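For the numbering used here, count along the sequence shown from 1 and bump the result up by 31.
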Amino acid sequence: MMLNIGNFMAEELDPFKISQQQLDDAAEVMGLDKTAHAILREPMETLVVNFPVKMRDGSVKIFKGFRVHYNDARGPSKGGIRFHPQENLDTVKALAAWMTWKVSLANLPYGGGKGGVICDTKKMNQTEIENLSRGYIRAIGRFIGPKVDIAAPDVYTNSQIMAWMTDEYSKMLGYNEFGAITGKPTEIWGSEGRFNSTAMGGLYVLREAAKLRKMNLKNAKIAIQGFGNAGKFAFDLSRNLGAKVVAISDSSAGVYSPKGLDYDKLAAEKAKIGELKNYTGKDAEKVSNEELLEMDVDVLIPAAIENQITNANADKIKAKIVLELANGPVTPAADKILFERGILDMPDFLVNSGGVIVSYFEWVQNTQNYYWTEDEVYKRLDTIITKSFNDVLATQKKYKDNGKKISPRTAAYIVAVERVAAAMKVRGWY
Ligand code: NAD
């Protein structure tokens, strides 16, 4: 898919090709072994399933689903399951590749995986969604497991769906297996602290990035694109840093207040009015999503969808730090522009790794049958994600000392790819 961006050069927006391009760029800078590079350009295994689901009118509909194991040299695959009408194998492959780099950067004992089903859950009732979830797990059951591939929620899937899947998987085995699927409700041993783990991890990264840029986050101005799980919790938690969220948006519109938006009021209003375009409060003006991205703020947090900062608007971004809480919000071309402009763009697979880190904690707790408090979860999350941040910085410095200026994203890729390549090497894969 190419983007129509007028006078600007068209950019490749196919997610799998982008993921390969990002790997190629890192491979060139780090001088990656050619065979290791060839192995890492493609997923190890992909499973495509077509499975029947009983619908509310008694009919049976066939759904198509996917599960990808990208590379398991460092451990079992780990990745979410998406329910999406436009799901396709290329997107799942790209997301599985990104998971591989994300878990490696966080130094978790995992490889990357991902799954998805082509479906429109907005048109289905709860029974149909439950039947779909159980049907998908029956279809991919032999492909997952706590030692093989651990699934989790993602776009349009949630903890209830993970509970149905865990139940179905346990029935297939004939005993309870809580360690094959994370993101479960705490009643069946989901982890404490899971709900805002992604935003919490992102804000730990922001704290470190601000230190690096000598930015005082107290009263710093933040704009957030997206008011869903990631964006909403980032808004909520940024209050702990003393920062001011001056703008936030959803897919319908954005709101702006130079004095800072009131989280409690806006969250309550959003729950009532649904879309921000219906917001009539006098304390905030409307802004478009395009305007929000280009605002004069200290920190910009894209927390909605992919390809929001492209070569069409990267030269208009005024934020000093971009914190990529969404997956893929900055295209490779835009990444280069931001880097050249001296904007500190913290890459998605570092910033939003809090979700998978706490998923890892859930799996560890499930396999030990010993459970931690929320405080313990956050402390351990802070330790792991801060270490990842410092690993990225150290790699940037190492390359700079050797005369190569590389972006945080390239440095993060190098850290992640080096670890997977090293594991493949000692295992004798090349
Ligand atoms: P969500 O569906 O809960 O929320 C998405 C938000 O983005 C909604 O407010 C929606 O209205 C808004 N949005 C959609 N299109 C938009 C547009 N064109 N402009 C502005 N806003 C738009 O999703 P989420 O879980 O918050 O995930 C958001 C991003 O964060 C995704 O890229 C996701 O992959 C990534 N992420 C989320 C988690 C997590 O734990 N929730 C973990 C890792 C990565």
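The C-beta atom is built at its ideal place from N, Cα and C for all residues, glycine as well.
None of these values were measured; they are calculated from a predicted model.
For Arg165, the enclosing alpha helix (DSSP H) stretches over residues 157-171. When beta bridges are read from the DSSP output, Ala254 appears opposite Ala278, Leu331.
Contact annotation: Ile340 and Leu297 have beta-carbon atoms that are not nearer than 9 Å. Under a 10 Å Cβ-count criterion, Asn162 is classified as buried, with 16 or more other Cβ atoms of the shown protein chains found around its own Cβ. Linking Leu331 to Lys308 through their CA atoms gives a straight-line distance of about 21 Å. Taking the C-beta atoms as reference points, Glu325 is found no nearer than 9 Å to Pro360. Within the DSSP bridge table, the entry for Arg113 names Gly147 as partners.
Around the beta-carbon of Pro74, 16 or more other beta-carbon atoms lie within 10 Å, marking it buried.
Near the ligand NAD, meaning a Cβ closer than 6 Å to any of its heavy atoms, lie the following residues in chain order: Thr229, Gln256, Gly257, Phe258, Gly259, Asn260, Ala261, Gly262, Ser280, Asp281, Ser282, Asn320, Ala334, Ala335, Ile336, Leu356, Ala357, Asn358, Asn383, Gly386. When the Cα atoms are used, Ser288 and Ala447 turn out to be separated by approximately 39 Å.
Using a C-beta cut-off of 8 Å, the stretch 103-114 makes contact with the stretch 175-188, since at least three inter-stretch Cβ pairs fall below that distance.
Nearest to Ile279 by alpha-carbon distance, out of Ile437, Gly273, Arg225, Gly291, is Gly291. Under DSSP, Leu375 shares a beta bridge with Ile352.
Counting along the chain, Gly232 sits inside no beta strand (DSSP E); it lies in the alpha helix (DSSP H) bounded by residues 228-243. Counting only runs of 4+ residues, the alpha helix (DSSP H) found wholly inside the stretch 272-317 occupies 294-304, in chain order. Bounds of the beta strand (DSSP E) holding Phe94 are 91-102. Counting every other CB atom within 10 Å of its CB across the protein chains shown gives Tyr461 a total below 16, marking it as exposed. Going by beta carbons, Leu71 and Ser228 fall outside the 9 Å limit. The stretch 209-229 and the stretch 253-268 touch, with no fewer than 3 CB-CB distances between them shorter than 8 Å. The C-beta distance from Glu118 to Val148 rounds to 6 Å, short enough to meet the 8 Å contact threshold.
For Val451, the uninterrupted alpha helix (DSSP H) run begins and ends at 439-457, by DSSP. Val328 and Lys242 have their C-alpha atoms roughly 17 Å apart.
By the CB criterion at 9 Å, Leu136 and Leu381 fall inside the cutoff. Val236 is positioned such that its CB atom lies no closer than 9 Å to that of Ile437. In the DSSP assignment, Asp180 is bridged to Ser108, Gly176. Assignment of Glu76 by DSSP, reduced to helix, strand and coil, places it in the strand class. Looking only at Gln256, Cys150, Phe264, Gly210, the smallest Cα-Cα distance to Lys178 is reached by Gly210. Within a 10 Å sphere around the beta-carbon of Asn271 sit fewer than 16 other beta-carbons, which makes this residue exposed.
Sequence-distant partners of Val451 (beyond 5 residues in either direction) whose C-beta falls short of 7 Å from its own C-beta, in its chain, are Leu71, Asn102, Ala104, Arg105, Thr131, Ser135.
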